Every structure is written in C-alpha cells, then in structure tokens.
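Asker: Residue numbers (this note's numbering): 647 to 935.
Built from N, CA and C at the ideal position, the CB exists for glycine as well.
The structure displayed is predicted, hence computed values, not measured ones.
First the structure, then my questions, so here it is.
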Amino acid sequence: MRKFVIGIFVGIALLWLFIWNVVNEIYMSGGYGVDRNYAFVTTGQTMYTRMKDEDYVKGTYRIYPGETVGGDAVYKKVQSDIVVVDFAVEDMFWGAGALRRNDAAGCIISGELSYTLFGSRHTTGSVVTVLEKEYVIRSVIDSEESFMIVQAEQGHGGDWEFADSKIIDGMVLDISDENYRGEYAEEAAVHHGYGSSFYYASDYLDILPDINLPSKWSDFDFWSDASDELEAIHERRLYSDKDVLEIFYHRCGQQLNMYRQRSAISALLLSGWCVMVLVNIRKNSKKSA
C-alpha cells in the first residue's frame, strides 16, 4: 500500500511538472509572437542615410556602452548600456510597454537595471538620470542584461540626436512581407554597402529557424543551401559577438529551450511511470485470477 501511495504521488508530481513547463513555454513563446516579425542587421559603427523604397526598415539604433545611470531619490549609480533608437518601440521585447517616437522624456529599462538601481523590478513611473538628463520609466523589460532604451532627439543638437545621416550600430527590419529569408537584409546591405551580418528574432525564439521549404523534396540544391544556412545560424547563436539586443533574444531562447527540455524529460519520465503502472496492474490481475 505504501508503494502504491508513493507511486501515485510520483505520477502526480511528474504530471504537474510536465504541465507547468508546457504552460510556461506556451505563455512565453506566445508573448514574443510579434517579435518574430523583425530581423536585426548588425552593422557595427557605420554611417547610415535613409533611402527611398526602404519601407521595410523599421528604424536604426546606436548603443552607448557603460554610461552612468542614476536613480531618482536613490544615491546609487551604475554603469549601463544606452540603446538610442529612432523608431516607436511598441510591439517588441514581449510587448513590454511602449515608447513612442516623439517621447523624448521617456525610457524603457531592463529588469536588471531596475533592480540594481531601485531594488525592485516594479519601477514604472520612476525617474532615471543619464548625462544629466532625466527620463521617466515607461516600462520595464524582463531581462538579466543592464540596458536602457531612449528615443533619439530630433534636430535639437542633443547628445542622442539622430540626423538624416548618422552613425548607427544596427538596423531593425520588418520582415512580415518578406518573400524569402534574408531578402530585406541583403537588399539593405547592397543599398548601404554593409556586410551581411543579420539575425531574425525567431532564430532564438523558435525551435527551428524560419527557412523556406522547397517546392520539391528532391530539390537537392535547396537542401544544401538550407544546411549551410542552418549551420550559419547555429554558429551565430554560439559564437557571434552579440550586442545587448541580440543577447536579450539569446537569453530568451535559452529560457524557452529550458522549458522545452524540461517538458520533454517530464514527458519521458511520465511515460515510463505509466508503463510501470500498467505492468503492475497486469501482474496484480494475474495474481487475483
């Protein structure tokens, strides 16, 4: 009887673990649904000039590493990366709030920066200071990296000003209407003379990257190209020199994979438990017969 009770508790625990991990994976994966519409071209510090027929370019960003950030009503200052953007941040980073293009007084900060400064991740409405300018926190992104997103000033000669021609560290592309993987990234690289260093948010968020399937399964050239592309994606995940935005998606991918692996292990153990239960039931039925 004791073994029976222990077995029941083990089965319940395995079922609970399986459900808990599956629910968390579905919830987290669904939260990044819109992020999958974006690809990031990492240019390094280079000059950018907006061109015609580039409606797929959502915007550009520049990263200022190691800037000193202070918190309102606290006597603590920390070093953090400042990501300056020239586009509305409203459907990215798990939809964690919004930062309108004309919101020069607002910012989005990471959970790590929020906790380091204020001792809490619930700091929406608080004020932070960087380069003697105050910003109101519009939202907090769940991230272990320390960074802050602000809007570029528009034509005021400020520290974060982005003009028509400007130095950037990367571009954000809307790939929702793309015909094939890399179409817009390659086009932008040709237009501006950049290299072909880019990644899709889905490369980190999905189990398999989004690649086009062939019209015929016997299209061996396609499978060769797809194999090379998957290898390049895998190598980038492991070895690339990632900026703070790519690290964010990389961490998210690691957490999603953790839930997926735990779900698979729990399902395997639960299957083994079910087999053991069936075997014991058969044994007991034979004995009673």
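1) Under a three-way DSSP split, which group does M817 fall into?
2) Which residue spans inside the stretch 666-714 form an unbroken beta strand (DSSP E) run of at least 3?
3) Could you work out which residue in V680, G816, V731 is closest to I795 when comparing CA atoms only?
4) What does the alpha-carbon distance come out to for the pair E671 and L902?
5) What are the partner residues of Y845, as DSSP defines its beta bridges?
6) From this set, Y684, D718, S917, which residue's C-alpha is nearest D849's C-alpha?
7) Give the secondary structure of F733 by DSSP, where H, G and I count as helix, E and B as strand, and everything else as coil.
8) Looking only at C-alpha atoms, which of V921, Y895, E799 sits nearest to S675?
9) Below 8 Å between beta carbons: does that hold for D940 and D889?
10) Candidates F664, S789, V776, V687: which alpha carbon is nearest W740's?
11) CB L891 to CB F686, shorter than 8 Å?
12) Grouping DSSP H, G and I as helix and E and B as strand, with all else coil, what is T775?
13) Mark T695 as exposed unless 16 or more other C-beta atoms lie within 10 angstroms of its C-beta, in which case mark it buried.
14) Any chance the stretch 703-711 sits against the stretch 910-924, with 3 or more Cβ pairs inside 8 Å?
15) Can you look up H802 in the DSSP assignment and give me helix, strand or coil?
16) Evaluate the contact criterion for the stretch 780-789 versus the stretch 743-762: three or more CB pairs, one atom per stretch, below 8 Å.
17) What are the boundary residues of the beta strand (DSSP E) that includes F793?
18) In whole angstroms, what separates the C-alpha of D681 from that of V735?
19) Taking the straight line between their C-alpha atoms, what separation do you get for I658 and L924?
20) Quick one: using the 10 Å Cβ neighbour count with 16 as the cut-off for buried, is M817 buried or exposed?
21) Mapping DSSP to helix, strand and coil, what is G653?
22) Taking C-beta to C-beta, are C898 and Y673 nearer than 8 Å?
23) Taking C-beta to C-beta, are F764 and G717 nearer than 8 Å?
24) Checking the sheet assignment: what are the DSSP bridge partners for D727?
Answerer: According to the structure data:
1) Translated into positions along the sequence shown, residue 817 becomes position 171. In the structure shown, M817 sits in a strand (DSSP, three-state: E or B).
2) Segments of the beta strand (DSSP E) lying fully in the stretch 666-714: 684-695.
3) Here residue 795 refers to the residue found at position 149 of the sequence shown. When each option's Cα is compared against that of I795, the closest is V731.
4) The count along the sequence shown starts at 1 and reaches residue 671 at position 25. The count along the sequence shown starts at 1 and reaches residue 902 at position 256. Between E671 and L902, the C-alpha separation is close to 6 Å.
5) Locating residue 845 in the sequence shown gives position 199, counting from the first residue. BP columns for Y845 point to F686.
6) Numbered from its first residue, the sequence shown carries residue 849 at position 203. If we check each option's Cα against that of D849, Y684 comes out closest.
7) Here residue 733 refers to the residue found at position 87 of the sequence shown. When secondary structure is reduced to three states using DSSP, F733 falls in the coil class, being assigned neither helix nor strand.
8) For this step, residue 675 is matched to residue 29 along the sequence shown. The closest CA to that of S675, considering only V921, Y895, E799, is found on Y895.
9) Examination of residue 940 is not possible in this model, given that the chain is present from 647 through 935 alone.
10) As a position in the sequence shown, residue 740 is number 94, starting the count at 1. It is S789 whose Cα lies nearest to the Cα of W740.
11) Within the sequence shown, the letter at position 245 stands for residue 891. Within the sequence shown, the letter at position 40 stands for residue 686. Taking C-beta atoms as the reference points, L891 and F686 count as a pair closer than 8 Å.
12) As a first step, residue 775 is located in the sequence shown; it is residue number 129 there, counting from the start. DSSP places T775 within a strand segment (E or B) once states are collapsed to three.
13) The residue you call residue 695 lines up with position 49 of the sequence shown. With fewer than 16 other Cβ atoms within 10 Å, it is exposed.
14) In short, these stretches do not touch, since the Cβ pair count stays below three.
15) As a working note, residue 802 is residue 156 in the sequence shown. Unreliable placement is indicated for H802, whose pLDDT of 48 sits below 50; the coordinate value is still reported in the next sentence. In the structure shown, H802 sits in coil (DSSP, three-state: anything other than H, G, I, E or B).
16) A contact is defined here as three or more CB-CB pairs under 8 Å, and the stretch 780-789 meets this definition with respect to the stretch 743-762.
17) To locate residue 793, count along the sequence shown from 1; it is residue 147. It spans 793-797 - the beta strand (DSSP E) in which F793 sits, taken as one unbroken run.
18) The count along the sequence shown starts at 1 and reaches residue 681 at position 35. The count along the sequence shown starts at 1 and reaches residue 735 at position 89. Their backbone Cα atoms lie some 11 Å apart in a straight line.
19) Position 12 of the sequence shown holds residue 658. Position 278 of the sequence shown holds residue 924. Rounded to the nearest whole angstrom, the C-alpha separation of I658 and L924 is 16 Å.
20) Locating residue 817 in the sequence shown gives position 171, where the first residue counts as 1. Counting C-beta atoms within 10 angstroms of its own C-beta, M817 has 16 or more neighbours from the protein chains shown and is therefore classed as buried.
21) In the sequence shown, residue 653 corresponds to position 7, counting from 1. Here G653 sits in helix by DSSP.
22) Looking up residue 898 in the sequence shown gives position 252. Looking up residue 673 in the sequence shown gives position 27. When the beta-carbon positions are compared, C898 and Y673 stay at least 8 Å from each other.
23) Taking the first residue of the sequence shown as 1, we reach residue 764 at position 118. Taking the first residue of the sequence shown as 1, we reach residue 717 at position 71. A distance below 8 Å separates the beta carbons of F764 and G717.
24) Along the sequence shown, one-based indexing puts residue 727 at 81. Under DSSP, the beta-bridge partners assigned to D727 are F793.
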